[in-house]
Amino acid sequence: MRILLLRVTLRASWVHSLKEKRMIVKSITQRLKNKFNISVAEIDEQDIHQTIVIGIAGICGSASQMDSTMENIITFIEENTDAEIINIERED
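Read left to right, the sequence shown gives residues 5 to 96 (my numbering).
Below you can see the structure in the form of structure tokens.
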């Protein structure tokens, strides 16, 4: 059993209010939860409207499944939001 832990930082340069940011965060976190059956939450920079930091946690059966799931999550984020991924941190 492996535990997948990711911290993904996104930049949404077109966002001008926390309300706009909240809509983006809510959308992407809910879509990730539904597609991958993982835990997702905004974990940092809540007061900065152009930076989104989300934490992702999940349990995988093997290291290869964890790597595959991580790649699929990153690809999903890139394809389903206009925000740019500026940093990905993986904890082992």
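Just so you know, even glycine gets a beta-carbon here, dropped at the ideal spot from N, CA and C.
C-beta atoms of THR33 and ASN91 nearer than 8 Å: Locating residue 33 in the sequence shown gives position 29, counting from the first residue. Locating residue 91 in the sequence shown gives position 87, counting from the first residue. The Cβ-Cβ distance between THR33 and ASN91 does not fall below 8 Å.
Secondary structure of SER66, DSSP reduced to three states: Here residue 66 refers to the residue found at position 62 of the sequence shown. Correct three-state label for SER66: coil.
Member of LYS37, VAL57 and ASP71 whose CA lies at the smallest distance from the CA of ARG6: Residue mapping note: residue 6 aligns to position 2 of the sequence shown, counting from 1. Measuring from the Cα of ARG6, the nearest candidate turns out to be ASP71.
Buried/exposed call for ALA87, threshold 16 Cβ in 10 Å: Numbered from 1 along the sequence shown, position 83 holds the residue referred to as residue 87. By the 10 Å Cβ count, ALA87 comes out buried.
Closest Cα partner of ILE58 within the set ILE77, SER21 and THR73: Sequence index remark: in the sequence shown, residue 58 carries index 54 (1-based). Closest by C-alpha distance to ILE58, out of ILE77, SER21 and THR73, is ILE77.
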